[in-house]
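Below: one structure, written as structure tokens.
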Amino acid sequence: MSRNWIRITECENIPLREGRVVRLGGHEIAVFNLGERFLAVENRCPHRGGPLADGILSGESVVCPLHGWKISLRTGNVERPSETPQCVRTFATRVEAGTLLLELQSGNSADFSHSPVCDDGTGVGEKLPEMEGVRA
Amino acid sequence: MAGVACVEQILRHAPKFQVTIFGDETHVNYNRILLSSVLAGEKSIDDITLNGLDWYEKNGIDLRLGVRIVDVDPIAKTVTGDDGSVTSFDKLLLATGSMPIIPSIEDVKKEGVFVFRNLDDTRALLERARPGLKAVVIGGGLLGLEAARGLQVQGCDVTVVHLMETLMERQLDPTGGNYLANKMNQMGITVLLGLSTTKVLGNGHVQGVEFKGGGSIPAELLVVAAGIRPNVTLGEKAGLEIKRGIVVNDYMETSNPDMFAVGECVQHNGICYGLVAPLLDQGKVLAATITGNKGPKYEGTVLASKLKIMGVDVFSAGEINDKVDGSEVIRYEDPSLGIYKKLTLKNNKLSGVILVGETADSHNYMEWLRSQSDLSKMRRQLLFPDSPADGGLDVAAISDSETICGCMGVTKGTIIQAIHEKGVNTLAQLKECTRASTGCGSCTGLCQSLLKAVAPEFEEEVKKTICKCIQFAEHNLREILRSQQLKSVQEVLEIYGNGVGCEICKPALSYMLDMLWCGDHDEDRSARFINDRVHANIQKDGTFSVIPRIRGGVTSPDELRRIADVAEKYNVPMVKITGSQRIDLLGVKKSDLPKVWADLGMPSGQAYTKGVRMVKTCVGTEFCRFGVQDSTSAGVELERRFENLFTPHKLKMGVVGCPRNCAEATVKDIGLVGQDGSWQVVVGGAAGKSVRKADLLITVETTEQALDSAGLFFQYYRESANYLERTYDFVERLGIEKVRKETVYAPDAAKQALRGRLQKSKDLSYDAWLEGSQPKTANQFVQIAPMEVYV
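So the sequence lines, in the order shown, correspond to chains A and B.
Throughout, this note's numbering is defined as the position within the first sequence, counted from one, plus 1456.
Throughout, this note's numbering is defined as the position within the second sequence, counted from one, plus 389.
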């Protein structure tokens, strides 16, 4: 599996504690500026495909703007609803001379559009009920 | 508190006693150590009541509140009350507590000078404290600092004056004291050290304080918290042996076999305790002795203290003097984070601990102090114990015999037993059943974790805070932001919250800052929901809906043509007439938003935000044959006055030209209902998730008066409602009478102030769609184009 660091953009192009979308190879990656570092995940909530880059950050997690699912940007796992066996793909990031780089692994980029394998080895599970109490 | 806790223990041993309790306060016993939480608005007086009147009744206790015992006759074995009553006793238990020390300061008896010791003091301070008041607290110990913080939360401008060179010198070393002083300064409390107050200035009422060697500062309120001393007056009258306190032995007996003493008034082994844990330890021993089960001994208590100030974590336990022979010091400090930890060890056993800025591990340290376990194997992890995977303290790792609640001496085993055998599911039940977490409250988190892990139907208690990140009620928080001049969400989270925030508190704080500072603040878009970052409403597929402002629902052929052109040019999948007399363009891509706005040439309709939505109108006198008021003009003007402003929740309005109510003004947040020769201004209506007919605020003659009344209510709602509270919940919660008193029937000065703040906000507001050509953040509407192509 070959590794590929792609130069993305200058760091200041992603505002502090916000996310922005980068399109690579026809796919969307959400990149977040956490101040001390950047974290990147695929820009698609496992629930209903919401744009995670548009979510509000809560520490190292992002809350999907559509129905309030909470996703860990570090692991890609769903933190809310709890015990959800789904996850999103994560990407390693690096900063070099003020420029942000993303790592793509050509081995799994070929099936980029498919569901990633979560930490516990299970793939995408059943549809889960919508979260309540999320603003319109 | 100590007395009744002891009686509780006595009843457990032998319910045969006929108990009479005298207390000079008029309130039933309460948790004195939580008075600072009452002052800080975190708890109500009811929250800190320990035993309700029914408890006294159930246990057959004769409770005499508001009666001060003035004399004790040790020969006749009677006590005399200040009401003239004489009561005889077989056994006498003195729990007279302590009294505040009033240092010798000239003119200290002035109006506006308080102590902070009991419920009445707290009430008096709460009554007096108001935003902007200059308050000075003399004393930088636990009580003084907590009083300072409480007053600050009430909006006062607070200075702490301390005699010593560092704060809390009895619990902290000088370095710890400095860290604490920095933290207090950061919170906006001024700390003056090494100053001896010599005189209270002012003519009748306090106006300032003067220091030794000259120098003075202004003060409108002065709190003296310079320490406490045992209250031994009755002990003296009873002829007991007194030193600093009433002397007791290991069985809590005084020099008279029929008299006992417990709590802050006693001196045991040369020590007078002023903290809660010893009182309860003593109570248990005393209960055994007095009921004829003499045996258990009181052998002193390891002292631990925790500063109860939200956002300022300070913990100290055991020996603070590290110069004792053979002691080793292990220290860690990070000035930027404000964290200081110091452990003192002797022969590999913990003898003292000081924590400032980070006290999550205080429980471990306390256990090590109590058990005196050998720490040689843990030397590498002493300052940074392994954090369990779940983030919280791993409750499973605690042994059953370990104490969870130090104040009440409740072990983990006792709690588990209560959960299993008595069906305890909530913290309230646990408190009732075991008394755990009813002392200083610092073990509340642990108790919650235990309940969560063990209780089958654990219910978390709903506290009226915004969310878990920031433990303040909203009205307190608003006051804090205002008095502390806090102007950024991140700053608030760092000082008063968990430093992180979430999707609930961030938008709420953003709203509060905007409402308070009207643009004169650091607008942080990362704390806003996506709708408020791109000024459009996100749809299920990640596209957005665009609704331009059409004031009062009145449009023109030219506008309609532009809307049609935009819809075609950008392939808008759906064009829809909304329920609010507006036009919605659905399915617009984020990157097209600035172009769509420019082509429309119309301002934002704010249909995506918690703000002023629209005014729905009927045609009124202009065309309608029944109309009695010009509702369209009034509606357009109403919308113009409030547009571009934000509100706690969305705000919809309606204006109708006659009581037929065609534009449904009586189910809007604010409605104007035209009558022949007058307007009715109605508020708090709803026809959404709830349906509610609006309440009549006032009836006025002219359109201008109607708009003004609406403005008063509008601004009052903006300032006083909780975030995400619609007007119909707000009006119902407060009651329309109160709303009227605070708005249209308020004194002229108050009304003028509301109008002034509304005008200030309005002057600084702007059409959000202007950001289309002048983005507020980098790449606000567009994706990032990568520097390299990925193949």
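Heads up, the beta-carbon is just placed ideally off N, CA and C, and yes, glycines get one too.
- With distances taken between CA atoms, residue 1049 of chain B lies nearest to B:1018 out of B:1022, B:1028 and B:1018.
- Following the DSSP letters along the chain, one finds residue 716 of chain B inside the beta strand (DSSP E) bounded by residues 716 to 723.
- Here the alpha carbon of residue 674 of chain B sits roughly 33 Å from the alpha carbon of residue 473 of chain B.
- In the three-state DSSP reduction, residue 1561 of chain A falls in the strand class (E or B).
- Its chain contains 808, 813 and 814 as the residues whose beta carbon lies nearer than 7 Å to that of residue 844 of chain B, once the 5 sequence neighbours on both sides are disregarded; these appear in chain order.
- Taking C-beta atoms as the reference points, residue 616 of chain B and residue 608 of chain B fail to come closer than 8 Å.
- Scanning the stretch 998 to 1035 of chain B for uninterrupted beta strand (DSSP E) segments of 3 residues or longer gives 1001 to 1006, listed from N- to C-terminal end.
- In the DSSP secondary-structure assignment, residue 1489 of chain A is bridged to A:1494.
- Here residue 1155 of chain B is exposed. Its C-beta has fewer than 16 other C-beta atoms within 10 Å.
- The way I'd put it, the stretch 1032 to 1040 of chain B does touch the stretch 994 to 1010 of chain B; three or more beta-carbon pairs between them come closer than 8 Å.
- Runs of the beta strand (DSSP E) lying entirely within the stretch 653 to 720 of chain B, each at least 3 residues long, are 655 to 657, 693 to 695 and 703 to 707 in chain order.
- At least one C-beta of chain B is nearer than 8 Å to the C-beta of residue 1469 of chain A.
- DSSP, read as helix, strand or coil, puts residue 1116 of chain B in helix.
- Using beta-carbon distances, residue 1529 of chain A does not count as an interface residue toward chain B, since no partner is under 8 Å.
- The C-alpha of residue 866 of chain B lies about 31 Å from the C-alpha of residue 706 of chain B.
- Between the stretch 795 to 805 of chain B and the stretch 817 to 829 of chain B, the count of C-beta pairs closer than 8 Å reaches three or more; the two stretches touch.
- Interface flag for residue 1478 of chain A against chain B is set, since a Cβ pair is found closer than 8 Å.
- Residues are counted here when their Cβ sits less than 9 Å from a Cβ of chain A; for the stretch 896 to 924 of chain B these are 896, 913, 914, 915, 916, 917, 918, 919, 920, 922 and 923, given in chain order.
- At a Cβ-Cβ threshold of 8 Å, residue 1062 of chain B and residue 1056 of chain B do not count as neighbours.
- If you look at residue 590 of chain B, you'll find it in the beta strand (DSSP E) that goes 586 to 590.
- In terms of beta-carbon proximity, residue 889 of chain B lines the interface with chain A, with at least one pair separated by less than 8 Å.
- According to the DSSP assignment, residue 989 of chain B belongs to the alpha helix (DSSP H) that extends over 982 to 989.
- A Cβ-Cβ separation of about 6 Å places residue 1004 of chain B in contact with residue 1044 of chain B under the 8 Å criterion.
- Checking the DSSP bridge columns, you'll see residue 744 of chain B partnered with B:704 and B:730.
- Against chain B, the CB of residue 1492 of chain A has no partner CB under 8 Å away; the residue lies outside that interface.
- With a threshold of 8 Å between beta carbons, residue 1474 of chain A makes contact with chain B.
- Here residue 660 of chain B is exposed, its C-beta having fewer than 16 other C-beta atoms within 10 Å.
- At least one C-beta of chain B is nearer than 8 Å to the C-beta of residue 1524 of chain A.
- For residue 1042 of chain B, the enclosing beta strand (DSSP E) covers residues 1040 to 1045.
- Contact between the stretch 551 to 564 of chain B and the stretch 644 to 653 of chain B is absent, with fewer than three C-beta pairs closer than 8 Å.
- Within the stretch 1151 to 1177 of chain B, 1166, 1167, 1168, 1172, 1173, 1175, 1176 and 1177 place their CB atoms closer than 7 Å to a CB of chain A, listed in sequence order.
- The closest CA to that of residue 1484 of chain A, considering only A:1533, A:1492, A:1535 and A:1464, is found on A:1464.
- A contact is defined here as three or more CB-CB pairs under 8 Å, and the stretch 496 to 504 of chain B fails this definition with respect to the stretch 673 to 691 of chain B.
- Taking the Cβ atoms as the reference, residue 425 of chain B lies roughly 3 Å from residue 535 of chain B, within the contact range of under 8 Å.
- In the three-state reduction of the DSSP assignment, residue 946 of chain B falls in the helix class, which pools H, G and I.
- By the criterion of at least three beta-carbon pairs nearer than 8 Å, the stretch 1020 to 1038 of chain B is not in contact with the stretch 960 to 972 of chain B.
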